[in-house]
Structure formats: structure tokens, C-alpha cells
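Trainee: I am attaching a structure below and will ask some questions about it afterwards.
Number of protein chains: 2
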Amino acid sequence: MTNLKQIAAELSLSVTTVSRALKDGPEVHPATIARVKEVAQRVGYVPNHHGFALKTGRTLTMTAIYPMETKDHLSDLLKLPLIEGMTLAARQAGYSLSIYSTTPDDDPIESVQRQLQAGSTDGLIITRMVSGDPRVKLLLDRGMPFVAFGRTDLDTAYPYVDIDNEQIAYEATRRLMDKGCRRIALQLLVPGDQASAMRLSGYGRAMAEAGIPIDQSLIGHGMFTMESSAAWFDRMLAWSDPPTGLACANELGLLGALHALGRRGLAPGSDIHIVTRDSTRLSRFLPAKIGVHFVDIAGVGRKLVEVLESRIANPIGPVATVLFKGEFDPGE
Amino acid sequence: MTNLKQIAAELSLSVTTVSRALKDGPEVHPATIARVKEVAQRVGYVPNHHGFALKTGRTLTMTAIYPMETKDHLSDLLKLPLIEGMTLAARQAGYSLSIYSTTPDDDPIESVQRQLQAGSTDGLIITRMVSGDPRVKLLLDRGMPFVAFGRTDLDTAYPYVDIDNEQIAYEATRRLMDKGCRRIALQLLVPGDQASAMRLSGYGRAMAEAGIPIDQSLIGHGMFTMESSAAWFDRMLAWSDPPTGLACANELGLLGALHALGRRGLAPGSDIHIVTRDSTRLSRFLPAKIGVHFVDIAGVGRKLVEVLESRIANPIGPVATVLFKGEFDPGE
DNA sequence: CTTGACAATCGTAACGTTACGATTGCATCC
DNA sequence: GGATGCAATCGTAACGTTACGATTGTCAAG
Chain A
0 MTNLKQIAAE
10 LSLSVTTVSR
20 ALKDGPEVHP
30 ATIARVKEVA
40 QRVGYVPNHH
50 GFALKTGRTL
60 TMTAIYPMET
70 KDHLSDLLKL
80 PLIEGMTLAA
90 RQAGYSLSIY
100 STTPDDDPIE
110 SVQRQLQAGS
120 TDGLIITRMV
130 SGDPRVKLLL
140 DRGMPFVAFG
150 RTDLDTAYPY
160 VDIDNEQIAY
170 EATRRLMDKG
180 CRRIALQLLV
190 PGDQASAMRL
200 SGYGRAMAEA
210 GIPIDQSLIG
220 HGMFTMESSA
230 AWFDRMLAWS
240 DPPTGLACAN
250 ELGLLGALHA
260 LGRRGLAPGS
270 DIHIVTRDST
280 RLSRFLPAKI
290 GVHFVDIAGV
300 GRKLVEVLES
310 RIANPIGPVA
320 TVLFKGEFDP
330 GE
Chain B
0 MTNLKQIAAE
10 LSLSVTTVSR
20 ALKDGPEVHP
30 ATIARVKEVA
40 QRVGYVPNHH
50 GFALKTGRTL
60 TMTAIYPMET
70 KDHLSDLLKL
80 PLIEGMTLAA
90 RQAGYSLSIY
100 STTPDDDPIE
110 SVQRQLQAGS
120 TDGLIITRMV
130 SGDPRVKLLL
140 DRGMPFVAFG
150 RTDLDTAYPY
160 VDIDNEQIAY
170 EATRRLMDKG
180 CRRIALQLLV
190 PGDQASAMRL
200 SGYGRAMAEA
210 GIPIDQSLIG
220 HGMFTMESSA
230 AWFDRMLAWS
240 DPPTGLACAN
250 ELGLLGALHA
260 LGRRGLAPGS
270 DIHIVTRDST
280 RLSRFLPAKI
290 GVHFVDIAGV
300 GRKLVEVLES
310 RIANPIGPVA
320 TVLFKGEFDP
330 GE
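Just so you know, the sequences run in chain order A and B.
Using numbering that gives the first Met the number 0, the first residue of the first sequence is number 0, and each one after it goes up by one.
Using numbering that gives the first Met the number 0, the first residue of the second sequence is number 0, and each one after it goes up by one.
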């Protein structure tokens, strides 16, 4: 591992001049800059991360707090394109992305505090926003740059990137109504999180417009595994008045529901209609007629990094808020 | 952000003593240790990562090099449990895990060299091993601790965790033969990688045992998206003598194949039989009779971290090599 | 010839941590 | 009472980097 000192020694220059030359400092003679860069290139000099971080306070690291809904089960395929989008964008922006996994046992606030105290990151990507999320105030107060994947219902302005879950659920419900459905079941993910609240809101708006009262028993919470989705939908199918429409939370919810349906020899398209949100295009490869909202989650990942990057560069600038719309494909 | 100096000032001790006290140094008076720890606790002291790293050379960071087969498409669901297993285990071991994404444009060797030169990681997790993989020698020569996800055909001993792809493909092929299949198609992932070579080897062994000559046109390379798998299988189904058995590379390959089958009104179970490897249990929720090899990929991720951790702790110790077997479920 | 301006380079200190050797105080021993 | 040993603590230097102010040399203007 080479350092500035070695380059300086080789050229009989001071460490200072070498340091400046490598960042094209105007005080350094152009010819010297060229010589320094030539040697740096030749010996494969790469700045030492920790020396830089210690001196400047900039760590060139972003941390994504990654919540796992369960310890063992697959919980949302969305995470795959999200991670791919984030890691690739972070790398291209010159940051390394550290992933801090949390289980349901972990306190979300404590996870953030830990990152704050450790001081080993320039910025945080937080997800799974809840109503009145206390992490926002905490991070703003401490001046730690961050971006949230998801909005919340605070007065405070803060940077976020979100999916328009309200619109997606509204449109999904409307599409099901267009098919003639009136008893429409809705899958929600983690109870209490903002994404689910928005879905519920969009669903409620569509139902209200159509004058259909909401039947709470049609709303499924905690549908973040194929198993839970299948069991929930299976119970409903046994009712005397089963739902005729279903809005799934995501690909896994869809797979679970299709599984329950298939076991009874049913398929979506005639008696029952299904729509879902999809971030992997996986639903398009299933042998079933389903309406799909595609959302560009890799794009969300890239945007999160981009917003966080500008936030780190200018922590007191205006906050960016970005909303990704879903694109509906009726799947006929 | 508090540091040792502040704690030292508060207790009128030297920084040295505080540093030692926090790691229970035997030279420090027990009562002093208690006082120091009490203050550290109260002010929320967390050691500064970069100061520590600069001084000791230990970064407490592991880096996983994460290859993306394509820039845009979902390429293997295996990555999700792998990342979850790795990140969680790394965190529990006191390391942070950095993910370095690479695209097909990136040179794998250069990616490793970059990590070596940057010196900002204690150890590397490399994947997608190829025949005679030059990264192994490079890392061994430079003394950088690492662990590979996958074996390769080198004489050199090096630590790895792998899935027994040879056995899985062998057993998959045998199972298909038990169903009466003789024309058996095989899906392989990245051309040239070792996992695919092992699959091919296991397939070849089973075919040889059964005395069936290998038809190269039944072997599909580059089947790492649902799209490519569907297109490939669709072409085969149009033949006058289509395959009667198919061994899929993974869940996505399976989805693609089922899609192609479904469009022709066919389903696995009678004319054609399908087996696949699965790391998400997703195939069990599909409305199709397929044999499945389950592999505990989250366990692989945890094991990778565990092996790397012991490698970092003792870089010249014996190399651990771990093989994960698949568990077959005929899916009747 | 002196002064001033300017370009180019240098030296020192500091970020927070740990390793090493030095120092202090105190009891014990001959 | 001075030497010895030991426990507890301290001071300094170093890891690699950057920021700041200082220093050198050159050249033109007065």
C-alpha cells in the first residue's frame, strides 16, 4: 500500500505538494502536477480511506438500514432491485455502501442512534417509515444527512423518495371495480408503516367514490410472506361470500394468493380478479391473468443515493422529494 | 461525538489509561476501569472507526463483491437470502458489510485489485468463481483474507463455501430419468463459471450412467433471466423432438420455462417433467408439479462471514471449505 | 539597489486511536 | 534507610491525510 510520503520521497517533494497536486491545486506548478500524477499512477496510489476520513470527517460511506421483516423468510423481492440500484449508484458516486440489517427484535431508533454515535458514515438511507417517525427529528437535530424511502405525516420537511402507494392502491381498486368487483380484498405489509397506510387510504378513496362501505375483514395485515398471504386468502375463499377482487401488496403476496386459489382449482380472470404491485416483472411470467403496477425500484435505489449525495454535499439546501408513479398493465 | 480525550479530561486521567480501561487492560486499577466505563456509558462513547483503523490497520469492514449479470434485469433471487445472511452475520460479528456491485462491463480482477489498493477492508467475499480463477492467487499473494462462494479447479488450497452443484445436477437428472425422461434439457447460468461447470458435470455423469449420449443442443447457457429462459425453452418446445425433462438453474429459470410452457397450454407433470434449484421456496407456491432442490442460501451467507471472520483472525491457519447439500423434494 | 508581488513549495499541527517505554508512588525487604 | 519490586498511570509517537501559515526564489517596478 503506497502513500503520499512514498510519492513525495520519490520526487523529492513535500507531502503537502503531492497532496495538492493530486487534486489539481492551483498553487502547484502544472509540470509538477503531471510528474506527481505519473508516479501515482505507476505505483498504484489510492488515497487511504481512514486517513482521509479522520482528517476531513468525510467517510465516503453511505449506510442503508435494511429492515428484515422476519429472520428466516423471504419478505419482499423489492429489496433486490433496490439494493442493486443503491449499490451501483453509490459506487459510481464514489461512495461505498454499507448495509446494516435489522431484525424485528431491533429497535429502529436505536439502530439510527448507533449509526449517529459511531460516526462512521456520511449519510443514512432509512426505510419503512412509520406515522410520526421519530427518526426524522432525531436525524435533523443531529445534522446527519439522510434520505428516507417513504414519506411520513410530519410537518417537518425532509428529503425522501417514495412510491405513490396511494395512487397505486386507488387505481388498483378502480381497475378491480371496472371488472365488476365490489368485495375487494386488500393486502397490506407491516402493520403501522406509512406505505401500508397510503395503500389503505387509496383503497378507501376508491371505495368511497364507488359508495361501497369498507369491510374490515377484507383487509389483511402483515402479508409479507407467501405463507401468510396464502393462509389469509385461503381463509377468505372458504367464506360464503368470498372476495371477488384482490389487490396484492407485491409479488410474494400475489404468489401466496395464487397458491391458495390454485389449491381450490380456481384461477384469476373470471370469478375473481387480481392486481398487484410488481418491482421485478415476475408477475408477468406467471400463468395467470393479473393486472400489474410496475414500479422502477432500481430507479428508486439510484434516486435515493442521488438525493443523499446532494444532501451530504449541501446539508442545509432545499430538501428534495421525489415520487415514483406506478405504470399499470392490465395484463389482458 | 465523544472521544477518549473528553472522558480522560472529565476523570483527570490520561487518554492512554482510558483507552486501556475500556478494554479491561490488566494494568489498570479495577476501580478506575469501573469509573471510566461509567462515564463512557453516560456520554455514549463509541470508538471512532477511522482513528482505530488508521492506527491498527484493522477496518472492521468486510466487502462483498456483488456481480450483476445484467444492468437492468433481475438475475438471481439467490442474492436476496445471501445478502440477508451475510449482512446479519457480519453485524453480529462486529463487522460492517460493504457491498461492491459490479456490472458485466467491469473486469473482475480489477475489482479485486481496487479493493486491495484501497486497503479499506479487512476481508473480501468473492463470488462467481471461474475455472483457474486468477483472483485466488492474487489475494493469497497479497495476504488479503478472503472467502469464495464457489470452488474452482486450482491446486492451491483456499477457503470457500459452496453449494454441491455437481450432486444437485446429478440428482436432478436422475430424478427426471426416474420419470422416464431421456431427452433432458439443462439450464446453465453464466458461461464459463464454475457453478455451471459443476452442474454440467453432474448432468453428464447421470447421463453417462444411463448410457444416454449428450445432445449439446439441449444445454442452455446464459439462462439468468426469466426472459432468456422463456425464449430458449420456447424454441425447444417447437422442435419435432422437444425435451421431455428440464433441469432449471434456479427460480427465475423455472418461471421462464413455465411461462413458455403455459403459452402452449402445457404444464409439467405428464409430457414433461421439471426440476429446479430453489433458494427462496418460491417454486413451492407455483401451480405446477416440479421437483425442487432446496438450498439454504441464507446459511451460506452466514457461513461465508463466519469463515472470513476466522480467516481475518488467523490468516495463516488451515483453510475452511464448506459444502452445502441440496435437499430434494419431489413435489408430488 | 531595494521593495513588493507573486508563484511554487515546504513544515507543522491536527483528526482519534493504540503501542511502547517512562515515570510515579508505595510497600517490602535486607 | 536505601534498594527492589510492583501496581498504576502518564507522555510521546505514529498511522495517512489535509489545512494553514511560513518560506523560498524570481522578476518587475520604483
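Don't be surprised by glycine CBs; every beta carbon is placed ideally from N, CA and C.
(1) Where in the region 5-66 of chain B do unbroken runs of the beta strand (DSSP E), each at least 3 residues long, occur, reported from the N-terminal end onward?
(2) Find out if the Cβ-Cβ distance for the pair Gly118/B, Leu53/A is shorter than 7 Å.
(3) Quick one: measure Cβ to Cβ for Glu165/A and Met128/A, integer angstroms, because I've assumed they're closer than 8 Å.
(4) Shortest alpha-carbon distance to His48/B belongs to which of Gly84/A, Gln114/A, Ala92/A and Asn2/A?
(5) Can you check whether the C-beta of Phe223/B is within less than 7 Å of a C-beta belonging to chain A?
(6) In terms of residues, what are the limits of the alpha helix (DSSP H) holding Thr275/A?
(7) So, at 6 Å on beta carbons, what are the nonlocal neighbours of Leu76/A in its own chain, with the 5 sequence-adjacent residues on each side left out?
(8) Under 7 Å, Cβ to Cβ, is there at least one residue of chain A near Thr275/B?
(9) Look at the alpha carbon of Arg234/A and the alpha carbon of Gln215/A, and state the distance between them as a whole number of angstroms.
(10) Can you tell me which residues form a DSSP beta bridge with Thr320/B?
(11) From the beta carbon of Ala40/A, is the nearest beta carbon of chain B less than 7 Å away?
(12) Around the Cβ of Trp238/A, are there at least 16 other Cβ atoms within 10 angstroms (buried) or fewer (exposed)?
(13) I need the straight-line Cα distance from Ala362/B to Ala246/B, nearest angstrom please.
(14) Is the CB of Pro190/B under 7 Å away from at least one CB in chain A?
(15) Quick one: which chain B residues come within Cβ less than 7 Å of Ala52/A?
(16) Cβ of Ala184/B less than 7 Å from any chain A Cβ?
(17) If you run the structure through DSSP and keep just helix, strand and coil, what is Ile417/B?
(18) If I measure Cβ to Cβ from Arg19/B and keep anything under 7 Å in the same chain, skipping five residues before and after, which residues do I get?
(19) For Val129/B, which residues does DSSP report across the bridge?
(20) Note down, in chain order, every chain A residue with its Cβ under 7 Å from the Cβ of His292/B.
(21) Beta-carbon of Phe284/B versus every beta-carbon of chain A: anything under 7 Å?
(22) Relative to chain B, which residues along the region 210-239 of chain A have a C-beta separation below 8 Å, given in chain order?
(23) Which same chain residues, not among the five before or five after Ile211/A, have their C-beta less than 7 Å away from its C-beta?
(24) Would you kindly check if the distance between the Cβ of Gln116/B and the Cβ of Gly142/A is under 7 Å?
(25) Between Pro158/A and Val306/A, how many whole angstroms is the CB-CB distance? I'm expecting something under 8 Å.
(26) For a test of the three-state rule: what should DSSP assign to Gly179/A, helix, strand or coil?
(27) Roughly how far, in whole angstroms, is the beta-carbon of Thr120/B from the beta-carbon of Thr62/B, given that I think they are within contact range, below 8 Å?
(28) Taking Phe284/B and Gly325/B to be in contact with their CB atoms under 8 Å, please state how far apart those CB atoms are, rounded to whole angstroms.
(29) In whole angstroms, what is the alpha-carbon distance linking Met0/B and Gln112/B?
(30) Counting C-beta neighbours from all protein chains within 10 Å, is the total for Asp23/B 16 or more, i.e. buried, or is it exposed?
Mentor: Concretely, from the data shown:
(1) The region 5-66 of chain B is shown to contain whole beta strand (DSSP E) runs of 3 or more residues at 60-66, in chain order.
(2) Along the second sequence, read from residue 1 onward, the residue named residue 118/B stands at position 119. Along the first sequence, read from residue 1 onward, the residue named residue 53/A stands at position 54. Cβ atoms of Gly118/B and Leu53/A: not closer than 7 Å.
(3) Sequence index remark: in the first sequence, residue 165/A carries index 166 (1-based). Sequence index remark: in the first sequence, residue 128/A carries index 129 (1-based). At roughly 14 Å, the Cβ-Cβ gap does not stay under 8 Å, so Glu165/A and Met128/A are not in contact.
(4) Locating residue 48/B in the second sequence gives position 49, where the first residue counts as 1. His48/B has its Cα closest to that of Gln114/A, out of Gly84/A, Gln114/A, Ala92/A and Asn2/A.
(5) By 1-based counting over the second sequence, the position of residue 223/B is 224. Output row for Phe223/B: interface = no.
(6) For the purposes of this step, residue 275/A is taken as the residue at position 276 of the first sequence. Thr275/A -> not in any alpha helix (DSSP H); beta strand (DSSP E) instead, spanning His272 to Asp277.
(7) Walking along the first sequence from the start, residue 76/A turns up at place 77. Result list for Leu76/A: Glu250 and Thr279, in chain order.
(8) One-based indexing of the second sequence puts residue 275/B at position 276. Taking Cβ atoms only, chain A never reaches closer than 7 Å to Thr275/B, which makes this a no.
(9) What you label residue 234/A is simply residue 235 of the first sequence in a count that begins at 1. What you label residue 215/A is simply residue 216 of the first sequence in a count that begins at 1. Approximately 15 Å, taken between the alpha carbons.
(10) Counting from one through the second sequence, the residue named residue 320/B turns up at place 321. Note: Thr320/B sits in a beta bridge opposite Tyr159/B.
(11) By 1-based counting over the first sequence, the position of residue 40/A is 41. Per the sequence shown, the amino acid found at residue 40/A is Gln instead of Ala. So no, Gln40/A is outside the interface.
(12) Here residue 238/A corresponds to residue number 239 of the first sequence, with the count starting at 1. By the neighbour-count definition (other C-beta atoms within 10 Å, threshold 16), Trp238/A is an exposed residue.
(13) No answer is possible for residue 362/B: it lies beyond the span of chain B, which begins at 0 and ends at 331.
(14) For the purposes of this step, residue 190/B is taken as residue 191 along the second sequence, with counting starting at 1. No, its Cβ sits nowhere closer than 7 Å to a Cβ of chain A.
(15) Within the first sequence, numbered from 1, the residue matching residue 52/A stands at position 53. The contacting residues are His49.
(16) Locating residue 184/B in the second sequence gives position 185, counting from the first residue. False, the Cβ-Cβ gap to chain A never drops below 7 Å.
(17) The question about residue 417/B has no answer here: the residues shown for chain B are numbered 0 through 331.
(18) Within the second sequence, the letter at position 20 stands for residue 19/B. Cβ within range, chain order: Glu26 and Val27.
(19) Start at 1 with the first residue of the second sequence, and residue 129/B comes out as number 130. The bridge partners DSSP lists for Val129/B are Asp192/B.
(20) Within the second sequence, numbered from 1, the residue matching residue 292/B stands at position 293. The contacting residues do not exist; His292/B stays about 17 Å from chain A at best.
(21) For this step, residue 284/B is matched to residue 285 along the second sequence. By this cut-off, Phe284/B is an interface position.
(22) Met225 and Ala229
(23) Locating residue 211/A in the first sequence gives position 212, counting from the first residue. Same-chain partners within the cutoff: Arg181.
(24) Counting from one through the first sequence, the residue named residue 142/A turns up at place 143. Counting from one through the second sequence, the residue named residue 116/B turns up at place 117. In this structure, Gln116/B does not lie closer than 7 Å to Gly142/A by Cβ.
(25) In the first sequence, the residue the question calls residue 158/A occupies position 159. In the first sequence, the residue the question calls residue 306/A occupies position 307. Confirmed, Cβ separation roughly 5 Å.
(26) Working through the first sequence from its first residue, we reach residue 179/A at position 180. Gly179/A falls in the coil class under three-state DSSP.
(27) For this step, residue 120/B is matched to residue 121 along the second sequence. For this step, residue 62/B is matched to residue 63 along the second sequence. At roughly 4 Å, the Cβ-Cβ gap stays under 8 Å, so Thr120/B and Thr62/B are in contact.
(28) Translated into positions along the second sequence, residue 284/B becomes position 285. Translated into positions along the second sequence, residue 325/B becomes position 326. Contact doesn't hold; Cβ gap of about 19 Å is too wide.
(29) Numbered from its first residue, the second sequence carries residue 0/B at position 1. Numbered from its first residue, the second sequence carries residue 112/B at position 113. Using only the alpha carbons, I get a separation of about 34 Å.
(30) For the purposes of this step, residue 23/B is taken as the residue at position 24 of the second sequence. It is exposed - the Cβ of Asp23/B has fewer than 16 other Cβ atoms within 10 Å.
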